[in-house]
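**Student:**
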Amino acid sequence: MFDYETLKLIWWLLVGVLLVGFAVMDGHDMGMGALLPFVAKTDSERRALINSVAPHWDGNQVWFITAGGAIFAAWPLVYATAFSGLYFALMAVLWAMFLRPVGFDFRSKVADPRWRSAWDWGIFVGSAVPALLFGVAFGNVLQGVPFHYEGDMRSVYSGTFWALLNPFALLAGVLSLSMIVFHGANYLIVRTEGVLQTRARRAALIFGALMLLLLALCGVLVAGMHGYTLLSAPEAGAVQSPLDKVVAMQTGAWLGNFHKLPLLWIFPALGFLGALLGIVFAAKLKGVLAFVASSVAMLGVIFTTGVAMFPFVLPSSAMPNHSLTLWDCVSSARTLEVMLWVALVMTPIVVAYTGWAYRLMRGKITTAHIEANDHSVY
Amino acid sequence: MIDPAAVDLARLQFAVTALYHFLFVPLTLGMTFMLAIMETVYVKTGNPIYRDMTKFWGKLFGINFALGVTTGLTLEFQFGTNWSYYSHYVGDIFGAPLAIEGLLAFFLESTFVGLFFFGWDRLSKMGHLTVTYLVAIGSNLSAVLILIANGWMQNPVGAAFNPLTMRMELSSFSELVFNPAAQTEFLHTVSSGYVTSAIFVLGISSWYLLKGRDMAFARRSFRIAAAFGLISALSVVVLGDESGFALAERQQTKLAAMEGIWQTEAAPAGLVLFGIPDEAARSNHAEVKIPYVLGLIATRSTDKVLPGIDQLEVTIKRRIESGALAVSALGRMRKDKNDAEAVSQFAAHQADLGYGLLLKKYTDDVLQATPEMLANAVDDAIPPVAPLFWSFRLMMLLGFAFIALFVVAFWASLKNNFERKPWLLRCALWFIPLPWLATQLGWIVAEVGRQPWTVYGVLPTHLSVSSLSASEVLLSLAGFFVFYTLLLIAELYLMFKYARLGPSSLGTGGYHFETVRTKNN
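Chain order of the listed sequences is A and B. The numbering of the first sequence is the working numbering, which starts it at 19 and goes up by one. The numbering of the second sequence is the working numbering, which starts it at 6 and goes up by one.
1. Check the DSSP bridge columns for Gly245 of chain A and list the partner residues they point to.
2. When burial is assigned at 16 or more other CB atoms within 10 Å of the CB, is Glu389 of chain A buried or exposed?
3. Chain A partners of Val118 of chain B, CB-CB under 9 Å?
4. Under a CB-based cut-off of 8 Å, is Arg132 of chain A close to chain B?
5. Select from B:Ala41, B:Thr33, B:Glu81 and B:Ile98 the residue whose C-alpha is nearest the C-alpha of Gly73 of chain B.
6. For Leu37 of chain A, would you say it is in contact with chain B, using Cβ-to-Cβ distances shorter than 8 Å as the test?
7. Name the DSSP bridge partner or partners of His290 of chain B?
8. Excluding five sequence neighbours on each side, which residues of the same chain lie with their C-beta closer than 6 Å to the C-beta of Tyr97 of chain A?
9. Compute the Euclidean distance between the alpha carbons of Ile224 of chain A and Ala52 of chain A, then round it to the nearest angstrom.
10. Residue range of the alpha helix (DSSP H) that Ala414 of chain B falls in?
11. Please list the residues of the segment 110-143 of chain A that have a C-beta atom closer than 7 Å to any C-beta atom in chain B, keeping them in chain order.
12. Kindly indicate if chain A contains any beta-carbon less than 8 Å away from that of Asn526 of chain B.
13. Using a Cβ cut-off of 8 Å, pull out every chain A residue sitting near Thr137 of chain B, in sequence order please.
14. Going along the chain, which unbroken runs of the alpha helix (DSSP H) with 4 or more residues stay wholly within the segment 166-231 of chain B?
15. Between the segment 148-164 of chain B and the segment 100-108 of chain B, do at least 3 Cβ pairs fall closer than 8 Å?
16. In chain B, which residues lie with their C-beta within 7 Å of the C-beta of Tyr371 of chain A?
17. Run through DSSP, which three-state label would His166 of chain A get?
18. Out of A:Leu193, A:Phe328, A:Leu332 and A:Met316, point me to the one whose CA is closest to Met43 of chain A's CA.
19. Grab the span of the beta strand (DSSP E) containing Thr459 of chain B for me, first residue to last.
20. Please go through the segment 13-63 of chain B and give each complete alpha helix (DSSP H) segment of 4 or more residues, from N-terminal end onward.
21. Short of 7 Å in beta carbon distance, which residues of its chain neighbour Asn158 of chain A, apart from the five on each side in sequence? Order them along the chain.
22. Is it the case that the segment 272-283 of chain A contacts the segment 317-331 of chain A, given that we only count it when at least three CB pairs across the two stretches are under 8 Å?
23. CB-CB under 7 Å to Phe299 of chain A, same chain, minus the five flanking residues each way: which ones, in chain order?
24. Taking CB distances under 8 Å as the criterion, tell me whether Tyr90 of chain B reaches chain A.
25. Under 8 Å, with one C-beta from each stretch per pair, do the segment 218-235 of chain B and the segment 408-419 of chain B reach the 3-pair mark?
26. Determine the extent of the beta strand (DSSP E) in which Tyr367 of chain B is found, giving its start and end residues.
27. With distances taken Cα to Cα, identify the nearest neighbour of Lys64 of chain B among B:Tyr90, B:Val206, B:Ser89 and B:Gly143.
28. Alpha carbon to alpha carbon, how far is Tyr376 of chain A from Val390 of chain B?
29. In the segment 113-163 of chain A, which residue ranges form an unbroken beta strand (DSSP E) of at least 3 residues, counting only runs that do not cross its ends?
30. Would you mind stating whether Leu358 of chain B and Gly328 of chain B have Cβ atoms separated by less than 8 Å?
31. Is the distance from the Cβ of Pro31 of chain B to the Cβ of Thr201 of chain B below 8 Å?
32. Is the Cβ of Gly85 of chain B closer than 8 Å to any Cβ of chain A?
33. Three or more C-beta pairs closer than 8 Å, one from the segment 126-138 of chain A and one from the segment 287-304 of chain A: is that the case here?
34. Is there at least one Cβ from chain A nearer than 8 Å to Gly512 of chain B's Cβ?
35. Check whether the Cβ of Ala141 of chain B lies closer than 8 Å to any Cβ atom in chain A.
36. How would you call Phe359 of chain A, buried or exposed, if buried means at least 16 neighbouring beta carbons within 10 angstroms?
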């Protein structure tokens, strides 16, 4: 049906789509979680916030799990190399995320205020820490990660956990956190009213502005940093092993694709425009439009990173020739094709019933609603 | 060379996190179907007590489910974090069912479980019932897919090694999906989940009956659990027997170890009912044997020989020697892919490549392996006998005990006299922890029995790990230990609290603590 090269390209696009899906869906409940202790003060207010995502957080989290599974299936070398290399960063993400499902479900099952407050902070950590670390991971990938392969394709990571927390990566982390908090605040504008909505609006304005500022700053830094360029690779059609190419590190290389194809500027433009419109709509309390705008902004930011690095997906700073590209980190043609069909059939179905579930549960969640349904809500 | 301590710790971490996850999975698998049954009765009869049953048992299910979701996160990523070489070597095949599990099963289960809990007022009766069924189907589908993945590790079909990419690649998706190992495993695993949930409901209902609380509610729950449990307990044993037959064909080392067959005997072999395996003496002490039975179960014949450990070791030794030639040829091919002699040598010995890799635990240059190294590698290829032998026997014993419990409970439920049998109710209550023990033992038999392989006959466990130091893995293991212990304490606390509260926790005003309070007022 498709030739191998086309399949590889489609899968690069699909991984991007999955990451955007994850950011839009799990992003808004993580943003809610990160805002929970600040936007909501009283117990009923906090329950109102939590119940705005109560029927949905679990489905949203599947975007994270599925992104992991899809990267395993389509880019096994990325799955193997990145997750073992960034070992404690991923452990920190997982351990923080443990606190969310349990926090949501257990928090309101005991009346003791200390129990509830502890889980509120658990939900905060479980939401804010991963949101920060996803950006830190992207920041490190842009700079290159120190790994190489031995002759039998065993990957060896030669960096430390602390080196991941370098200034640029931390800046990218704060960008990702503010983007997700902005998005979560927009969601809360849709689902709350009164004082909660007013506070959510304020959060959206603050974090939207922060996102714009950091996006500009990160953009300037990426333009000036050492990027990677592909000097030579096995010709198309030959078996692509990550060991058989020549890669150079070059200042400003991440702008190369934008020079070659100026149309790509649309992605950074979407990032800025989405954030700007999101702020405007949030200010006017047009929650749904603000939510759409921050979703577009996240799409813009994620794809800007993707096309800047294209065709690289995991550059190696320790041995640039071993960097992974979308051409040589992939599964066999058969696996890519089977998985493509599964994705093409299942993704629209998933999106359809998820949309239906949100429609069914739509409406404002008020503190009065929480108090009237004490036994059946979170 | 790979640090053996790092390998052991990575194995321990996987075992701890997977066994811990598997504390919550069986109850989810079975409970979702029991909830669907209760709600079906509600929709059919319109009797609100069945709605309350669905909601109350659903609350307990939810407490368990939160931990299942939490601990499942680890497993989706742990192949990459701790089993990096495995992920590269077999990701082309193994990643696919994991990704499909997300798209097909987890989304379904997780999206609709939210509506199960919070959609009662927004859905019609039929609408909510459909949602409940979709949750049950979703959770059971995820079991299908993860067992397709695990089944491939037990019986790697539909794949071939590619020397250019240095990994296994998918050759037939349908063989992967319709792997007979996966099918028997799936049916056995989900039925054991159904038994777990049935004993859970039966035991807690019995406690209400013993206390004389919420009798109408508890009686109905008891009946449903007794019937559902009896069918499930019978199918666990039948399908377990089917797995035994499958093992004889595909994993002779696992079968020999768990049955303690040290020496090959004339067909049909006897079944060791009891014995004390002695690894040093390579025999069982105090053996009680039933003649012919194992041969009949495992080969479905009277004349096929079941190889004992003695005979298996001879075959394994030959395969390791042949595999060493494949490993060495592969090394030369990686340096020069036009080396014709290496290519033909590899082709001749490729089938034994995995066995040759067993020597990598002892030396990088497998052709220079000493006879002692070879003997060690042969010894490694037989999984540890005593743990498998005991785990398997204890699991079997529990399986038959469950059948006995459900036969009595079901009979009493037909006679409608179980309320007057406090010994039965007490027995059901004390049975609650046992299915967890049985399912954990089952996991141990399946996974320890696969050693020394991650993928049977293809990739040895010690090569599968990431290049992490032992101290790094120890640190993460300690992290999991702390988190998981705290979460388990919170979970058990809530489970006991809500089980004690019973349906009063629904706040309908019609149950034990609520009516007592009204009376006192």
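Glycine included, every Cβ here is placed at the ideal spot set by N, Cα and C. These numbers were taken from a predicted model, which means no experiment stands behind them.
**Tutor:** Inspection of the coordinates gives the following:
1. A:Gln268
2. exposed
3. Pro73, Asp76 and Gly77
4. no
5. B:Thr33
6. no
7. B:Ile281
8. Ile89 and Phe90
9. 14 Å
10. Val390 to Lys420
11. Leu112, Trp113, Met115, Phe116, Pro119, Val120, Asp123, Phe124 and Lys127
12. Reliability fails at Asn526 of chain B, whose pLDDT of 36 lies under 50, so the model's placement of it is uncertain and no value is given.
13. The contacting residues do not exist; Thr137 of chain B stays about 14 Å from chain A at best.
14. 178-182 and 185-216
15. yes
16. Thr116
17. strand
18. A:Met316
19. Trp458 to Val460
20. 30-50
21. Leu182 and Ala187
22. yes
23. Leu307, Ala308 and Ala311
24. yes
25. yes
26. Careful: Tyr367 of chain B lies outside any beta strand (DSSP E) and carries neither H nor E.
27. B:Val206
28. 53 Å
29. none
30. yes
31. yes
32. yes
33. no
34. yes
35. no
36. Note on identity: in this sequence residue 359 of chain A is Trp, with Phe being the wrong assignment. Burial call: exposed.
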